[in-house]
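Numbering (full-length UniProt numbering), first residue to last: 1 to 612.
Note that CB positions come from ideal geometry on N, CA and C, so glycine has one too.
Given the structure is predicted, the values throughout are model-derived calculations rather than measurements.
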Amino acid sequence: MVIAGLPERLAGSGRVRALRMLWGAGKGWSAAVALLVLANALLPNASLIALGYAVGRIPAAAAAHLHGAAGRALAVALLVAGLLYAATLLTGPYQEWLSACVKARLVDDLQSRLMAAVSGPAGVAHLEAPETQDRLELARGRLTGHIPADAPVALASAAGSRLAGITACAVLATFRWWLGLALLAVWLLIHRPLRKIILAQIVGFRTKAEVLRRAWYFLYLAIRPAAAKELRVFGLGDWTIDRYREHWATGMATNRETYARLSRRAYLLAGAVLAAYLVAGGTLAYAALHHRIGLRELSVMLPLLPATMYAGTVTTGDISAEWMVSALPDQAALEARLRAAREDLSGGRDPAGLPEHGIRLDGVRFAYPGGEPVLDGLDLEIPAGRSTAIVGVNGAGKTTLVKLLARMHDPTGGTITVDGVPLRDLDAARWQRRFAAVFQDFNRYPLPLGENVALGAVEHAGDVDGRARAAARAGALDLAAEVGWDTVLSRQYAGGTDLSGGQWQRVALARALFAVEHGAAVLVLDEPTAWLDVRAEAAFYDRFLDLTRGLTSIVISHRFSTVRRADRICVLDGGRLAEQGTHDELMALGGTYAEMFRLQAARFRDEKESEA
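And the structure:
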């Protein structure tokens, strides 16, 4: 996904946003940053000028053997020069302290806004879009290694250095007006191509953001524990490193080419700089030899010559500031884009109390961007207060159907209604609170067991009794007794523990049932026994009717023994409803369901006979 834009415009809008961020951090911090700008602009030149004046007073003080007015004048000049130089040295620690303080405030603000923007839309389509992921990585500064929250102080430091160079040119202009003006003009002329090199690097990163994300993926694949076992068993260590290097090289290729092309232009302009300094140095030397300036003036002017370079040169601080600033428009673009996505999924009607009668799908079609239709004219009714099972082969659209029902996506055709009300008219976020789900890829939060369950209705996290009831219904109460409610479910934390897949599935089920305890009316179980052993699966069958009693429940499973107790079973095929009925009705029909059930039953009998 290419995210480029005009670099000058990109940087300009980023600077404005950085200033707004700084003002938003507080007037006191804004004043502190302004002080940093003045310190960087004035102190280095002031210390050089003071030192030059001190050097100029040495002959008179030496002639007086450091006595009298001449000696006192030299001492005062040296004292002032020393104090100014000490103040100059203090600007470094001051900048570091100021950067840390402002960053602490801004990181929290930027990260919180990013999290709010990404989690704001009720749907998930934006999270599946490559452009969103590219902008997220750019906005966080992870691809570049430059944290956007550092931008205000970095810009202030760069501005101070620039002003210091301009001030040095102004002081030289008091000696020869054309000299200071010429040096300033040369540096301003060379600054543009130097800055274009930086902006070209930034644009190169932006246009290759997706490739660079892949490189980072392989990096984290190698250093994080999730894939560690397979990487070692299959000997994928070197392969992972090669993939990282390959994607990184591809992502940086355009960047290197652009840098080489533009740097050649900068080298040509360097000749103009050399010529300007030769003229400036020669002019000062000629004036000194012919006694047109004294030792004091020469001692001031000579150190200021190299200081003029800050009027236009590009320092590492300038480079860092440009990288930091470039990420700020991405944050703004993400917020605007996801705000629009949130509004697209917003509905004005409160879904409280729904569904009372049922959920209906009429001619529903859906396809993921660039893909074939997953659902193609699906007609289905899900009665309220009853259990409905959805079965079918892989790719039949079962999980996609749940996403549409929970309004994580909107159908590309047809309608979904709840008690006759179009789902689009309901407030999406409140409708989702009516759902309690155990997804096939449920989250495994590295949090205490109690929090893992309470996340089903986090506003009721203090309901200890409700949490225990949910765990009991999910068959996880013995797990709580074994590991403790306060134990973190991850060995990556001190005192934590790991769970088996079946134990995690029971925790996920308890989380969903805790949501039911606090008002969720639709229970979704997507492959609820996939991680359970035979005994746990049999226990789940025994509890199925109790779990789903009085709820509008939707069960998705490849295991037909899981769904046979549902009030109604719907068979999806080719994105449409192929069969529906009770288990006995579908077996009597002798269609797809009956064939698949017999195949699974036969395999189960073979496995039992083999074990015997």
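Taken through DSSP and simplified to helix, strand or coil, Gly145 comes out as coil. Within the same chain, Ser387, Leu523 come within 6 Å of Ser553 by CB-CB distance, once the 5 residues on both sides are set aside. Secondary structure note for Gly358: it is in no alpha helix (DSSP H), and the uninterrupted beta strand (DSSP E) holding it is 358-367.
Selection Ala41, Tyr593, Leu114, His583 evaluated against Leu334 yields Leu114 as nearest (Cα-Cα). Its chain contains Gly502 as the residues whose beta carbon lies nearer than 8 Å to that of Asp533, once the 5 sequence neighbours on both sides are disregarded; these appear in chain order.
In this structure Ala185 does not touch Ala41 by the C-beta definition: roughly 20 Å separates them, more than the 8 Å allowed. Here Ala594 has Leu586, Met587 as same chain residues with Cβ atoms under 7 Å from its own Cβ, once five neighbours each way along the sequence are excluded. Pro422 has Thr417 as its beta-bridge partners, per DSSP. The alpha-carbon separation between Leu66 and Arg72 amounts to approximately 7 Å. Annotation: Glu131 to Arg337 spans about 11 Å, alpha carbon to alpha carbon.
Within a 10 Å sphere around the beta-carbon of His291 sit fewer than 16 other beta-carbons, which makes this residue exposed.
The beta carbon of Leu183 sits closer than 7 Å to those of Cys169, Leu172, Ala276, Ala280, Thr308, all from its chain and outside the five residues before and after it, given in chain order.
Contact between Ile319 and Ile190 is ruled out by a C-beta separation of about 15 Å, above the 8 Å threshold. Within the segment 110-156, not a single complete beta strand (DSSP E) segment reaches 3 residues in length. Listed in chain order, the beta strand (DSSP E) runs fully inside the segment 222-290 amount to none, counting runs of at least 3 residues. The alpha carbon of Leu79 has as its nearest neighbour, out of Ala461, Leu188, Val55, Pro93, the alpha carbon of Val55. Closest option to Leu404, judged by alpha-carbon separation, among Ala428, Glu257, Ala472: Ala428.
A direct Cα-to-Cα measurement between Tyr94 and Val516 gives close to 55 Å. Residue burial is scored here from C-beta neighbours: Trp323 has at least 16 other C-beta atoms within 10 angstroms and is therefore classed as buried.
Per DSSP, Phe435 is one residue of the beta strand (DSSP E) stretching across 435-438.
Residue environment for Ala260: exposed (fewer than 16 other C-beta atoms within 10 angstroms of its C-beta). Apart from sequence neighbours up to five positions away, the residues of its chain that approach Gly385 with a beta-carbon distance below 8 Å are Gly550, Leu551, Thr552, ordered along the chain. Here Ile556 carries a strand assignment [DSSP, helix/strand/coil]. In this structure, the beta-carbon distance from Val153 to Val107 does not fall below 7 Å. DSSP places Pro59 inside the alpha helix (DSSP H), whose first and last residues are 58-63. A residue is called buried once 16 or more other Cβ atoms fall within 10 Å of its Cβ, and Glu527 is buried on that count. Under the three-state reduction of DSSP output, Arg214 falls in the helix class.
The beta-bridge partner set that DSSP reports for Ala389 consists of Val555, Ile569. For Ile293, the secondary structure class from DSSP, reduced to helix, strand or coil, is coil. Taking the Cα positions, Phe544 is about 47 Å away from Leu138. Here the alpha carbon of Asp376 sits roughly 12 Å from the alpha carbon of Gly395.
Excluding the 5 residues flanking it on each side, Phe514 has same chain C-beta neighbours closer than 7 Å at Val453, Ala454, Gly456, Ala457, Gly466, Arg467, Ala470, in chain order. Just measuring C-alpha positions, the residue of Thr313, Gly282, Gly312 sitting nearest Leu302 is Gly282. In the DSSP assignment, Gln580 forms a beta bridge with Cys570.
Excluding sequence positions up to five before and after Gly141, its CB lies within less than 8 Å of the CB of Ile147, Pro148, Trp323, Met324, Ala327, all in the same chain and listed in chain order. Collapsing the DSSP output to three states places Val102 in a helix.
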